[in-house]
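If you read the sequences in order, they're chains A and B.
Using our numbering, the letters of the first sequence correspond one by one to residues 1 to 117.
Using our numbering, the letters of the second sequence correspond one by one to residues 1001 to 1111.
Scroll down for the structure; my scribbles are underneath it.
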Amino acid sequence: DSGVTQTPKHLITATGQRVTLRCSPRSGDLSVYWYQQSLDQGLQFLIQYYNGEERAKGNILERFSAQQFPDLHSELNLSSLELGDSALYFCASSVGSTQGAGGNTIYFGEGSWLTVV
Amino acid sequence: AQSVTQLDSHVSVSEGTPVLLRCNYSSSYSPSLFWYVQHPNKGLQLLLKYTSAATLVKGINGFEAEFKKSETSFHLTKPSAHMSDAAEYFCVVGGGFKTIFGAGTRLFVKA
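Given below as structure tokens:
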């Protein structure tokens, strides 16, 4: 158990809908990361928050947004869903803000499976 | 700029034989390197990490990796494969603004 908690574990929704994925980081971790994993694109970094502020942006679509709250939990909002958004969405956390640097290890949650039908 | 290449998309070994998963990296500064394992329908679990201390890094479940700067490699090894090692393995390079994941290597273990 990594200590990173994600909900829901599975979600099925229709095209055009909006969903929210939730993540609680490990105790003491200030950074939260969101990743998308699909069969055709592999593991893609979406966005990172550090202590409530956006820190880095990856391949995140404009239809997607995220935020980190004062209690450090984070939410990833996916809107106007398309079939191609079906994927496993991971949340991860780390103590510091710089990914991987100086041993700043990233710990992953179990993921949220999103199926868009 | 940083990049990471996992040289094999699939590796198949017999139970009890050695495992070698190959990873080459590119980094303009001293990198942090990681190996993660992902079992089916699970999250990524950290196996081991290199952060400029000892070049031979020991991880969980009998895995280890050796950092070779001259070869820009960070190959993952295990002396004897177990059925439970069947999974996908990701080599990761960090140390900068973004962490870069390799494409993954699927390890198959035959009985």
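Beta carbons: idealized from backbone N, C-alpha and C, even for Gly.
Inset, instruction - Give the single residue among A:67, A:89 and A:114 whose Cα lies nearest to the Cα of residue 31 of chain A. - result: By one-based count along the first sequence, residue 31 of chain A stands at place 31. Nearest of A:67, A:89 and A:114 to residue 31 of chain A, Cα basis: A:67.
Legend entry - Anticipated Cβ contact below 8 Å, residue 1012 of chain B with residue 1110 of chain B, distance rounded: Locating residue 1012 of chain B in the second sequence gives position 12, counting from the first residue. Locating residue 1110 of chain B in the second sequence gives position 110, counting from the first residue. Indeed they touch by this definition, with Cβ atoms about 7 Å apart.
Legend entry - Expected contact under 8 Å - CB spacing of residue 109 of chain A and residue 4 of chain A to nearest Å: Here the question's residue 109 of chain A lines up with position 109 in the first sequence. Here the question's residue 4 of chain A lines up with position 4 in the first sequence. Sure, about 4 Å apart at Cβ, within 8 Å.
Legend entry - Straight-line gap, residue 55 of chain A to residue 1015 of chain B (C-alpha atoms, nearest Å): Within the first sequence, the letter at position 55 stands for residue 55 of chain A. Within the second sequence, the letter at position 15 stands for residue 1015 of chain B. Roughly 44 Å separates the two Cα atoms.
Inset, instruction - Please confirm whether residue 46 of chain A and residue 85 of chain A have their CB atoms less than 8 Å apart. - result: Here residue 46 of chain A refers to the residue found at position 46 when the first sequence is read from its first residue. Here residue 85 of chain A refers to the residue found at position 85 when the first sequence is read from its first residue. Contact: no.
Legend entry - CB of residue 106 of chain A within 8 Å of CB of residue 33 of chain A, strictly: Indexing the first sequence from 1 puts residue 106 of chain A at position 106. Indexing the first sequence from 1 puts residue 33 of chain A at position 33. Yes, the pair counts as a contact, with Cβ atoms nearer than the cut-off.
Legend entry - Start-end ranges of the beta strand (DSSP E) lying completely within the stretch 23–72 of chain A, minimum 3 residues: Unbroken beta strand (DSSP E) stretches of 3 residues or longer found wholly inside the stretch 23–72 of chain A: 31–38, 42–50, 53–57 and 64–68, given in chain order.
Legend entry - DSSP-derived helix/strand/coil call for residue 106 of chain A: For the purposes of this step, residue 106 of chain A is taken as residue 106 along the first sequence, with counting starting at 1. Of the three classes helix, strand and coil, the one that applies to residue 106 of chain A here is coil, per DSSP.
Inset, instruction - Could you tell me whether the stretch 89–98 of chain A touches the stretch 1059–1069 of chain B, where touching means 3 or more Cβ pairs closer than 8 Å? - result: Short answer: they don't touch.
Legend entry - Inter-residue spacing [alpha-carbon to alpha-carbon] between residue 44 of chain A and residue 35 of chain A: For the purposes of this step, residue 44 of chain A is taken as the residue at position 44 of the first sequence. For the purposes of this step, residue 35 of chain A is taken as the residue at position 35 of the first sequence. Answer to the nearest angstrom: the Cα atoms are 5 Å apart.
Inset, instruction - Say whether chain B places a C-beta atom closer than 8 Å to the C-beta of residue 64 of chain A. - result: The residue labelled residue 64 of chain A in the question sits at position 64 within the first sequence. With 8 Å as the cut-off, residue 64 of chain A does not count as an interface residue toward chain B.
Inset, instruction - Below 8 Å on the Cβ atoms is my guess for residue 131 of chain A versus residue 112 of chain A; work out the distance and round it to an integer in Å. - result: Lying outside 1 to 117, the shown extent of chain A, residue 131 of chain A is not represented and no answer is given.
Inset, instruction - Grab me the residues of residue 1090 of chain B's own chain with a C-beta within less than 6 Å of its C-beta, minus the 5 sequence neighbours each way, in chain order. - result: Indexing the second sequence from 1 puts residue 1090 of chain B at position 90. 1036, 1101, 1102 and 1104, listed in sequence order.
Inset, instruction - Residues of the stretch 1–23 of chain A with a CB closer than 9 Å to any CB of chain B: list them in chain order, please. - result: Against chain B - using a Cβ distance shorter than 9 Å - the residues of the stretch 1–23 of chain A are 2, 4 and 6.
Legend entry - Bridge partner(s) assigned by DSSP for residue 1100 of chain B: Position 100 of the second sequence, counted from the first residue, corresponds to residue 1100 of chain B. Per DSSP, B:1093.
Legend entry - Beta bridge counterpart(s) of residue 1011 of chain B as assigned by DSSP: Numbered from its first residue, the second sequence carries residue 1011 of chain B at position 11. The partner list for residue 1011 of chain B (beta bridge, DSSP) reads B:1107.
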